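Q: Here the sequence shown stands for residues 285 to 431, numbered as in my numbering. Here a beta-carbon is modelled for each residue, glycine too, at the ideal position from N, C-alpha and C. Note that the coordinates shown come from a computational prediction; the quantities given were computed from them, not determined experimentally.
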Amino acid sequence: MKEEHALLEHERLVLQLLLAGDEPPFPALRDQAARLQVVQRQQTESGFLTALGVHPEVPRLRRPSNFELNDVCGVIEGVKHGARFLLFVRDGALDLLEGIVFHGDAWPAQPVVQRLYYVRHPEPGSRALVESLRRDRAMALEQCGNK
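1. Out of LYS364, PRO308 and ALA393, point me to the one whose CA is closest to GLY435's CA.
2. Any chance you could list the beta strand (DSSP E) runs of at least 3 consecutive residues sitting entirely within the region 365 to 430, in chain order?
3. Which residue from HIS294, HIS289 and ALA290 puts its Cα closest to that of PRO392?
4. Helix, strand or coil for LEU299? Go by DSSP, reduced to three states.
5. Using the beta-carbon count (16 or more within 10 Å), is ASN350 buried or exposed?
6. Could you check if LEU417 is buried or exposed, using at least 16 other CB atoms within 10 Å of its CB as the buried criterion?
7. Where does ARG346 sit, in a helix, a strand or coil, going by DSSP?
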């Protein structure tokens, strides 16, 4: 993999947390992450978009094949209110990693991750999110379409 097509440190750290877990589809997605490259990278005022390309020989997920994981947030140096991260899976493959800052903060040109953490709903049916020491397994599997 060429250096310009490699993940940046903050992208690698975020992916590591987003893909953690022993239940399907996480092991298969980690296999894809081991053979991916960055197709395009865009920095916006409020975050970043990193388009991902998985090697064609790496198996794709069959079901579910389209979903988003969004249970990771973080403290980024120079970002007062923190950030949230989303991973898009399309057609069974890792497709896009997105980072978004909260409350109008600006995404730094050279992001440094101070801390990443999982978020969960404090109670069933709540739309609020709270920091969690561990991943809410049920929430993560629901995001993947596995209930």
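A: Here's the rundown:
1. There is simply no residue 435 to check, as the chain begins at 285 and stops at 431 in what is shown.
2. 367 to 374, 377 to 385, 397 to 404 and 414 to 416
3. If you number the sequence shown from 1, residue 392 lands on position 108. Nearest option by C-alpha distance: HIS294.
4. Translated into the one-based positions of the sequence shown, residue 299 becomes position 15. DSSP places LEU299 in helix when its eight states are reduced to three.
5. Position 66 of the sequence shown, counted from the start, is the residue given in the question as residue 350. Result: exposed.
6. Here residue 417 is taken as the residue at index 133 of the sequence shown, counted from 1. Under this definition LEU417 is an exposed residue.
7. Residue numbering aside, residue 346 sits at position 62 when the sequence shown is read from its first letter. Coil at ARG346, not helix or strand.
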